[in-house]
Amino acid sequence: MRWRAALVAALLLAAPPAVARKPPVPVGTITLDLSDPQVTVTVEGVALRLRVALDGHGTIELNRAAVARLPISFGKAASAEVGRVELPGIAVPATMMLAGKAVPVALWSYGDCCAGVDGSIDAALLPFAEIRFERAGRGGGTGDSRSYALLRDEDHGMGVRETVTGRAVLVQFALDRPETLATAAAGAIVAAAHGGRFEGDYAPVLVAWGVSRPSRVIAFARPAHLAGFRFDRLRTRTGDFAGRDQLPSDPRQPDEIVVRRRHPPQHGWAAVSIGRDRLDRCDGLLFHPATLLLTLHCDAGG
Numbered sequence: 394m395r396w397r398a399a400l401v402a403a404l405l406l407a408a409p410p411a412v413a414r415k416p417p418v419p420v421g422t423i424t425l426d427l428s429d430p431q432v433t434v435t436v437e438g439v440a441l442r443l444r445v446a447l448d449g450h451g452t453i454e455l456n457r458a459a460v461a462r463l464p465i466s467f468g469k470a471a472s473a474e475v476g477r478v479e480l481p482g483i484a485v486p487a488t489m490m491l492a493g494k495a496v497p498v499a500l501w502s503y504g505d506c507c508a509g510v511d512g513s514i515d516a517a518l519l520p521f522a523e524i525r526f527e528r529a530g531r532g533g534g535t536g537d538s539r540s541y542a543l544l545r546d547e548d549h550g551m552g553v554r555e556t557v558t559g560r561a562v563l564v565q566f567a568l569d570r571p572e573t574l575a576t577a578a579a580g581a582i583v584a585a586a587h588g589g590r591f592e593g594d595y596a597p598v599l600v601a602w603g604v605s606r607p608s609r610v611i612a613f614a615r616p617a618h619l620a621g622f623r624f625d626r627l628r629t630r631t632g633d634f635a636g637r638d639q640l641p642s643d644p645r646q647p648d649e650i651v652v653r654r655r656h657p658p659q660h661g662w663a664a665v666s667i668g669r670d671r672l673d674r675c676d677g678l679l680f681h682p683a684t685l686l687l688t689l690h691c692d693a694g695g
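According to the numbering used here, the stretch in the sequence shown is residues 394 to 695, in order.
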């Protein structure tokens, strides 16, 4: 979602006087269920149940039904790129009420984003000094500890930049994703560094806003480590954001014919969204919105 951070800032600056102008000073602690972290907020008197995201864009993203319930008018906004699919967007500035505090927010929608809730909210928008994600019955501070200072990526949301053989890869923590997923550029970079080759067949994978994209698993001759998690295999979006990077060659049987459709070049974006297949090994996470510092308490084998 190119230039989204600048558009969010402009949207809030242009907000009507009724919209809160300055975020409150974050204080206190909120504890959320790591298995499905949710908060209920109020916007224009309407209660919204939102899933908390650690890979957000500084906004609240809403399903169409939630947009329809709000007594405010959305305007046209920047489109979103989900692979090679472009989705038109709508947005509006608003005031969110949570824990008795008024928080200025930008509401966005490109369709339906989130199952079982009204939408999602960037964890950095919550007006608390610290956010604890704890797994029921397991506490939140056990397991090996490692911390990351997350960065706000202008186009793609929060994450930590790691280096793989001199190349930057954005690693994000996707609490709503069942399986870790890499863009084509990230898959190519990690494959080149760790002896990667394709394994198994192509399969569609849900990426965002109801859009599925083709993917395939890359198996590594030598294990890769991203954000402290070991990967012997990595599901990769084969047609999205490769840039100039080349995915592993795909040897076929001599009698097998493969027909590929040619697509125009697409800009490169090297990113890996770490999903529940790794994050479920963690007993707890601790996030500080003011500094974007994230601490993971996970099994040593993670």
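Glycine included, each C-beta is placed from N, C-alpha and C at the ideal position.
Predicted, not measured: the structure shown is a model, and the values here were computed from it.
Pick helix, strand or coil for residue i, following the three-state DSSP scheme.
i	result
L443	strand
V420	coil
G632	coil
V583	helix
V553	strand
V610	strand
D643	coil
D510	The residue asked about is misnamed: residue 510 is Val in this sequence, not Asp. Note: V510 maps to coil in three-state DSSP.
A458	helix
L672	helix
L544	strand
A516	helix
A561	strand
A487	strand
A522	coil
A495	strand
A683	coil
A577	helix
W602	coil
K469	strand
G621	coil
R637	coil
H450	coil
Can you name, in chain order, every residue of its own chain whose Cβ lies under 6 Å from the Cβ of residue i, other than the five neighbours on each side?
i	result
D429	none
F624	A617
L689	R539, C675 and L678
Y541	V553 and L687
P464	E437
G668	A567, R570, P571, E572 and T573
H587	F613, R615 and A617
H681	E523
G589	I611, F613 and P641
F630	Before going further, note that residue 630 is Arg rather than Phe in the sequence given. These residues qualify, in order along the chain: T576, A577, R606 and S608.
G550	D448, G449 and H450
With burial defined as no fewer than 16 other Cβ atoms inside 10 Å of the residue's Cβ, what is the status of residue i: buried or exposed?
i	result
V439	exposed
Q565	buried
A516	buried
P486	buried
D633	buried
P520	buried
E592	exposed
V652	Reliability fails at V652, whose pLDDT of 45 lies under 50, so the model's placement of it is uncertain and the value that follows must be treated cautiously. By the neighbour-count rule (16 or more Cβ atoms within 10 Å), V652 is not buried but exposed.
I650	Here the model assigns I650 a pLDDT of 44, short of 50, so the residue's position is not dependable and the matter cannot be decided.
G451	buried
Y595	exposed
V600	buried
L544	exposed
R457	exposed
G504	buried
G559	exposed
R477	exposed
What residues in its chain sit with their C-beta under 7 Å from that of residue i, if we drop five residues either side in the sequence?
i	result
L568	P430, A446, L447 and L672
Q639	A581
S472	E479, L480, P481 and G482
A459	L441, D511 and G512
A561	R554 and A663
M490	V434 and T435
A484	L404, F467, G468, A470, A499, L500 and W501
So residue i and residue j are in contact, right, with Cβ under 8 Å, and what is the actual spacing, rounded?
i	j	result
V461	A578	One point to set straight first is that residue 461 is Ala, not Val, in the sequence displayed. With 8 Å as the limit, A461 and A578 do not qualify as a contact, their Cβ atoms being about 37 Å apart.
P497	P416	6 Å
H422	R525	For the record, residue 422 in the displayed sequence is Thr; it is not His. Confirmed, about 6 Å.
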